[in-house]
Structure formats: C-alpha cells, structure tokens
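Chains as they are written, first to last, in my numbering: chain S, 34 to 173; chain V, 34 to 173; chain F, 34 to 173; chain Y, 34 to 173; chain D, 34 to 173; chain A, 34 to 173.
Here the structure comes first, spelled out in structure tokens, and everything after it is commentary.
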C-alpha cells in the first residue's frame with residue numbers, strides 16, 4: 034500500500050460571511066476575513082491516493098491522469114474565481130477552507146475511483162497560506 | 034555598503050481591468066485575470082534598504098522599525114483588501130503588480146529615509162505567486 | 034472531521050546537555066550540539082486541531098484565536114530565549130525537540146479544548162531545521 | 034511516542050519503461066517519462082522513526098547516526114546515478130517512485146532497528162518533484 | 034523601469050563530460066557529475082524582463098505570452114530530455130548550467146523583444162538544485 | 034560573464050549587544066535580540082562568484098571546490114557556535130548580520146580568487162531568517 038500525492042494550485046478571491054448575520058456580527062466574528070469587497074489567496078491543493086502499485090506500470094495511479102482530473106473537475110472551476118459568487122458547488126455554503134475541502138472530496142473521490150482500479154482517494158490537504166491549512170480524510 | 038531586506042506578506046483580491054475598455058476587450062487582453070468577481074493572491078513584499086552599518090548598533094536600519102513602517106504604511110492598507118476598490122493610493126490606477134510596486138515605492142522611500150540617516154530604500158520585490166513577481170529600483 | 038493547522042515560529046538558543054554526565058561524555062554523545070556556549074535555530078511549530086466544522090462559522094477552530102493562544106502560551110515564552118536557561122516549563126529537562134514537543138502539548142491541549150467545543154489538539158510538528166523535525170500526537 | 038524525521042536528497046536519472054512492452058506502448062503509457070535517453074530529478078527522502086525518547090539523551094534516535102545510515106545505505110547508492118542501470122537493489126524492477134520507496138524501506142527498516150532499541154522506521158516520504166511525491170508505511 | 038519575472042521548470046538528465054578527455058580525467062575533474070549513465074535534476078528557470086509598464090495594460094510584458102514563449106522555445110526542448118543527447122542547441126557543447134544559461138539567452142532574447150515593444154530580456158537565473166544556481170545578464 | 038552561486042547553512046547562537054552600553058540601553062535598542070542568555074538561528078549563506086566559463090570544463094568555478102572552501106573557512110567556524118563568544122574573526126565586533134557578512138567577505142574573497150583564475154567573489158547573501166537577510170557586494 035503506497036500513498037501517492039499530486040499538488041495543484043489556484044488563485045481565488047473569497048470572504049468569510051454568514052448571510053444569516055448582520056454585517057456587524059460578520060465583522061466581529063470573522064474580522065478582516067469578512068471584508069465586504071473580498072480578499073484572496075494562492076491556494077495549494079495536495080491530493081493523496083492510496084493503493085497497491087500496478088505490477089506492469091509500477092503506478093498506484095497515473096499522475097498525468099490524476100493531474101488532468103484535478104484540473105478539469107476542481108482547478109478550472111476555482112482558479113481566478115470568487116469562491117462565494119462563481120462556484121456552483123459552493124452555492125449556499127460558507128467559503129471557508131474546511132467546507133471547501135469537504136466539497137472537493139465529494140467531487141474527486143468518485144472521479145479518482147474511476148481512473149484507478151487499485152486505488153482510492155485518501156486525503157486532501159488545502160493550503161490557504163503557507164501558515165494556514167486544512168486536511169480531510171473523508172471522515173464523517 | 035550593505036543591503037538589508039525584510040519580507041512581509043498580505044492577502045488581497047484584485048482584477049486586471051481597464052475601465053476605458055469594454056468587458057470583451059478586458060477578457061481578451063487579461064484573460065481569467067479580468068474575472069468580473071475578482072480573484073486573489075498571497076502577496077509577498079521584500080523591501081531592501083542599502084546603507085553603511087552604524088558603528089554602535091551594527092545596523093543599516095533597525096529591522097523592527099522597518100517592519101513596523103511597512104506594516105503601518107503598506108500592509109495594513111492592502112491586507113484582506115480589494116486592490117481595485119479599497120486602496121486609496123491605487124485609485125484610478127491599474128491594479129497590476131508593476132503599478133502597485135511603483136506606488137508602494139512612493140510611500141515607503143521617504144518613510145525609510147526618516148528612520149535611517151545612513152540608509153535609503155534600494156529595491157522592492159513583490160511576489161504575486163511564487164512563479165510571478167516584479168522588482169523595482171525607483172528608476173524612471 | 035477536518036484537521037486544521039496553524040504554523041508559528043520562534044528563534045531560540047539551546048544545547049543538548051545531560052547534567053548527570055561529564056563534559057567529555059556530553060561532547061561524545063551530542064557532538065557539536067553540546068557546544069558549551071550554545072547554538073540556535075529558527076524553529077517552526079505546526080499545531081493541528083481536529084474537529085467538526087461549526088455550522089454557523091464553517092470553522093473547526095477560529096485560527097485567529099488559535100494563533101493568539103499559541104503565541105501567548107508558547108511563542109512568547111520561547112522566542113529569543115535560551116531553551117536550557119530561560120524557559121520555566123523546561124526546567125530540569127533535556128532541551129531536545131522530542132522533549133520540547135511533549136511539554137508544549139501539555140500546555141496547549143487544555144488551552145485548545147477551552148476555545149473550541151467541537152475540536153481538540155491532534156498533533157504538534159516541530160521543525161528544528163528544514164531537515165530535522167519531530168511530530169507528537171499525545172500518545173503515551 | 035514521538036515521530037522523528039530526517040530529510041536527505043539525491044540527484045538521479047531514470048525513465049519509466051517496462052521491458053516487456055514495445056517502445057510504442059511505453060511511450061503511450063508513460064509519455065515523456067519514457068524518453069529513451071532518460072530524464073532526472075532532485076529527489077528528497079524523508080525518513081521518519083517513531084519511538085519513546087530515551088531518558089538520558091532525550092532522543093528517539095540519534096539524528097547523526099540516522100543521517101549516516103541513510104547516506105551510507107541509500108544516498109551513496111542513488112546519488113548521481115541512473116536508477117534503471119546503476120542500482121543493484123532496483124535490478125529487474127520498475128524505476129517508479131512507488132517501487133523505489135518500497136525497496137528503500139526493505140533496506141532501511143532493519144538498519145534503523147539496529148541503531149535505536151526504542152524506535153522503529155515509521156514512514157518514508159519520497160519527493161520526485163515538489164508537486165509529485167509518494168509515502169510508504171511498510172503496509173503490505 | 035520595472036523588472037518582471039516568470040519561473041518555469043523542467044526535469045532533465047545530463048552529465049558533465051569533456052569528450053576530448055579520457056574517462057579517467059573526466060571522473061577526476063567532474064567527480065560523480067561525470068557518471069557514465071547520467072544523473073538528473075529538477076531545473077528551475079527564472080526569466081526576468083525589464084521595461085516601462087504600458088499605460089493601457091499596466092504590463093511590462095504579458096506574463097501569459099512570456100510563459101508561452103519560454104515553454105515553446107525552451108521547456109518543450111529540455112523537459113524530460115537528456116541535455117547531452119537530445120537538445121539540438123547544446124550539440125557539441127558542455128552540458129553545464131553556465132553554458133546552458135548562455136544558450137537559452139541566445140534563443141529567448143530575440144523572442145522576448147518580439148512580444149514586448151517596451152521591454153527586453155534582463156536576466157536568466159537557472160537553479161540546478163536549491164543550493165546550486167547560475168545567473169546570466171547577457172554580458173560578454 | 035556568468036554568476037554562479039552556492040548555498041550553505043549553519044546553526045548558531047548570538048545576541049545583539051554593545052558592551053559600551055548598560056544592559057538597559059541594550060534592551061531598549063535591541064529588544065528581545067539582546068536577551069542575556071542568547072537566542073539563535075538557522076543561517077543560510079549564498080556565495081556568488083562571477084567570471085567567464087572555462088572552455089574545457091564549462092565552469093566559472095568548480096562548485097565542489099567552492100563548497101569545500103566555504104565549509105572549511107566559514108561554516109566550520111560558525112556552525113553550532115556562539116557568534117559572540119566562539120568566533121575569532123568576530124572578536125570585539127557586533128554580532129549583527131551586517132557585520133558578519135562583511136567579515137565573511139574578507140576571508141572568502143582571497144580564498145575564492147585562489148581557486149578560480151577566471152572568477153572572483155561577487156556577492157554574499159546571508160539569511161538570518163526567511164524574512165530577514167542582508168547582502169554585501171564588497172562595496173566600501
């Protein structure tokens with residue numbers, strides 16, 4: 034069982050904002066992250082697939098195919114976008130890293146299953162900045 | 034003559050957009066960087082001061098004082114902000130890194146002169162991403 | 034269940050030295066790390082909290098609050114200090130990274146519990162250099 | 034129980050190539066990674082040992098001894114080498130990262146056991162590039 | 034005058050080898066870098082263009098166009114290649130970083146002039162490893 | 034003319050302290066950097082040599098020879114040392130980065146001249162932390 038990882042990046046705007054709250058409460062809870070006119074980040078996403086290396090290729094998963102799927106299904110929908118306004122799969126959800134990583138998992142897990150018979154998605158690690166990041170293992 | 038540098042960071046939203054152009058022309062020239070609803074970056078700013086080290090302190094410039102001025106005059110006005118909408122010193126200007134670094138120079142150069150009798154601002158290096166960055170030496 | 038991490042840093046001096054041993058034995062076992070007059074590092078500390086994201090904020094833990102507690106309880110007591118001489122919670126202990134990370138856990142675990150009802154400290158990762166680091170999960 | 038890590042590096046050439054296949058099939062499956070005349074990488078290897086810190090030294094494992102063994106048993110056999118042609122322990126095997134990390138484990142696990150009575154090899158993380166990497170925990 | 038930089042990467046094999054010398058002399062002068070069966074690196078190339086920002090775009094050079102040219106003219110000819118065997122513009126030349134960076138300059142300088150009326154190639158910085166790198170400013 | 038660089042590192046303790054001043058004045062001017070019992074850093078030193086590549090080797094300077102001299106003349110005298118107490122060439126001098134980089138230049142410049150007929154020391158860049166660093170070009 035080997036764990037294979039691929040790192041991709043996207044640049045996006047967002048704000049932390051609960052629409053059920055007043056602006057004042059949003060500023061109080063989220064501070065500068067609630068700035069009305071948005072702010073943004075260079076996000077880095079590390080996708081880790083675990084599985085048994087294939088005897089003929091030595092691969093758990095073809096990294097070119099994995100990279101292609103992450104770009105098509107995730108990066109193209111997030112890069113140079115506003116996470117609160119432009120992303121269908123985040124509609125009606127908080128644009129925090131915790132929520133984002135869970136929603137990315139829902140999309141990527143079946144896609145990865147489809148390209149690697151012997152592997153499966155193991156974890157997603159999402160860096161908002163080099164000092165703030167989240168990781169998700171699909172646990173309820 | 035020694036060159037002393039301090040790196041600070043800020044997270045901001047922006048878009049590349051020339052208001053004299055149609056939306057179509059903006060998309061054509063700037064591509065995804067013109068996304069209507071903004072995108073964003075983790076910016077890194079390296080400020081370099083050159084001068085003769087002071088005989089008593091061994092300092093060209095007190096890095097605590099330099100860091101304080103960069104934060105007060107630049108980072109506090111850019112961090113968690115929208116470069117096109119929230120920053121007074123960028124009003125009416127393109128929010129490209131090239132223009133931003135020139136405007137930061139105009140603010141920082143006299144401030145740095147004021148805190149270091151034997152030094153002066155030498156260069157500003159601004160990273161938009163680890164792969165895209167600009168540098169300015171105050172040259173016309 | 035999402036794992037949220039915050040990285041903080043501190044610069045400190047230390048030496049590896051067992052007071053029960055002669056200087057010769059210390060030099061023999063610890064080599065240059067036992068240098069009488071100390072040496073030092075830029076330490077990086079990654080604190081990871083695991084928990085269920087809160088429905089209203091999207092947060093497992095407020096990273097501003099987490100950062101504040103790490104700074105107040107750990108960084109302010111270690112930064113620009115001598116780990117062998119200046120740190121009350123290391124008194125009578127080896128100033129190795131292994132011991133340091135266990136002692137930091139004892140302090141941070143209850144503090145983090147207090148600021149996040151739905152989360153708890155999951156791991157501490159301490160870099161002494163980019164090539165030498167330790168991780169602790171609170172296991173006995 | 035503390036996890037102690039040491040990062041080492043080596044520069045090597047390789048290609049992905051299954052000798053049971055035609056050149057055409059190799060190019061089709063492995064793409065540019067099958068380039069006849071090889072390509073190469075700066076590999077980074079992180080070795081993690083878990084164990085109880087020793088009461089007298091504060092060490093799970095002496096990092097100087099660990100580094101020495103990794104260099105002698107692994108780095109000296111891979112650095113400035115061709116993974117397909119020059120490495121005895123890869124003979125007849127695919128030179129993919131997945132296979133390489135498993136073969137390194139077989140060599141390092143008993144060596145590490147021999148230098149640390151209270152510790153054992155926990156994981157190996159091998160970076161082929163900063164964006165592609167694998168991890169192995171000795172799982173069948 | 035602003036200096037704008039773009040970082041690209043490629044993975045290649047090479048060896049240091051002077052065909053006018055015996056194998057023994059090559060090993061003596063170049064050490065492990067002369068390994069008969071090659072070794073390799075993850076190379077990083079930083080291309081810096083200097084010029085006056087355009088009034089309408091705020092650009093010295095369109096980074097998408099710059100990146101496209103570097104990829105088409107340089108990266109596609111070096112990535113996943115053997116610098117000694119596969120690269121036409123290095124034929125009959127030493128595959129050292131010093132020579133490589135000069136040959137890249139000859140190709141890129143006119144290409145960059147063609148895409149930016151107000152700018153020109155200022156420098157090329159080529160990392161062989163994070164610890165070994167060269168820079169070239171077109172000086173004879 | 035090509036500029037060739039080599040990065041080396043050392044871990045050292047120091048404090049900023051002017052012995053002509055009272056402890057109070059030292060704390061006032063240098064803040065936590067004056068901590069009586071020292072603090073420390075992972076220093077990184079980048080040595081840049083400029084020159085014409087040799088026709089037979091393709092080298093401005095043999096990086097193995099350059100690395101050997103930096104280690105023998107500088108790193109071995111600074112690594113795991115106290116810059117204020119253990120380093121003969123800093124005796125009676127402020128242990129600031131500005132002063133340290135000038136003193137390193139005095140030692141390295143003639144040593145580098147001796148190993149490369151066609152090159153000479155061009156600059157020294159010394160990182161105290163990833164955010165604080167100095168550069169020196171031998172200018173009076």
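In this text, a Cβ means the ideal position worked out from N, Cα and C, and glycines have one as well.
Cβ pair residue i, residue j closer than 8 Å
i	j	result
residue 134/A	residue 154/A	no
residue 152/A	residue 127/D	no
residue 104/S	residue 34/S	no
residue 72/A	residue 117/F	no
residue 162/V	residue 93/V	no
residue 80/D	residue 99/D	yes
residue 169/Y	residue 167/F	no
residue 39/Y	residue 59/F	no
residue 70/A	residue 115/F	yes
residue 112/Y	residue 86/D	no
residue 46/S	residue 88/V	no
residue 138/A	residue 123/A	no
Minimum Cβ-Cβ distance from residue i to chain D less than 8 Å
i	result
residue 152/Y	no
residue 132/V	yes
residue 166/A	no
residue 120/V	no
residue 86/A	yes
Residue-chain proximity (residue i, chain S), Cβ-Cβ < 8 Å
i	result
residue 78/F	no
residue 123/V	no
residue 155/Y	no
residue 82/Y	no
Residue interval of the beta strand (DSSP E) (run including residue i)
i	result
residue 53/Y	It is not in any beta strand (DSSP E) - residue 53/Y carries neither H nor E in the DSSP assignment.
residue 47/F	35–47
residue 158/D	152–162
residue 167/A	165–169
Bridge partners - residue i, DSSP secondary structure assignment
i	result
residue 116/V	Paired residues: none, contrary to the question.
Residue interval of the alpha helix (DSSP H) (run including residue i)
i	result
residue 79/Y	It is not in any alpha helix (DSSP H) - residue 79/Y instead sits in the beta strand (DSSP E) that spans 72–84.
residue 139/Y	130–148
residue 97/D	96–103
Residue i at chain Y interface by Cβ criterion, 8 Å
i	result
residue 114/D	yes
residue 52/F	no
residue 38/F	no
residue 45/D	yes
Cβ of residue i within 8 Å of any chain V Cβ
i	result
residue 68/S	yes
residue 73/A	no
residue 135/A	yes
residue 97/D	yes
residue 143/A	no
residue 89/D	yes
Proximity test, Cβ basis, 8 Å: residue i and chain F
i	result
residue 49/Y	no
residue 92/Y	yes
residue 35/Y	yes
Below-8 Å beta-carbon distance, residue i vs any chain A residue
i	result
residue 172/D	yes
residue 59/F	no
residue 162/F	yes
* **Segment contact flag, the region 108–118 of chain F with the region 69–80 of chain S, C-beta cutoff 8 Å, min 3 pairs** => With a cut-off of 8 Å, the region 69–80 of chain S and the region 108–118 of chain F do not count as touching, because too few Cβ pairs lie within range.
* Three or more C-beta pairs closer than 8 Å, one from the region 114–132 of chain V and one from the region 43–51 of chain V: is that the case here? -> Pairwise C-beta distances place the region 114–132 of chain V in contact with the region 43–51 of chain V, as three or more of them are shorter than 8 Å.
* Asked: Can at least three beta-carbon pairs, one atom from the region 134–144 of chain S and one from the region 132–147 of chain V, be found at a separation below 8 Å?
  -> By the C-beta criterion, the region 134–144 of chain S is judged not to be in contact with the region 132–147 of chain V, since fewer than 3 inter-stretch pairs fall below 8 Å.
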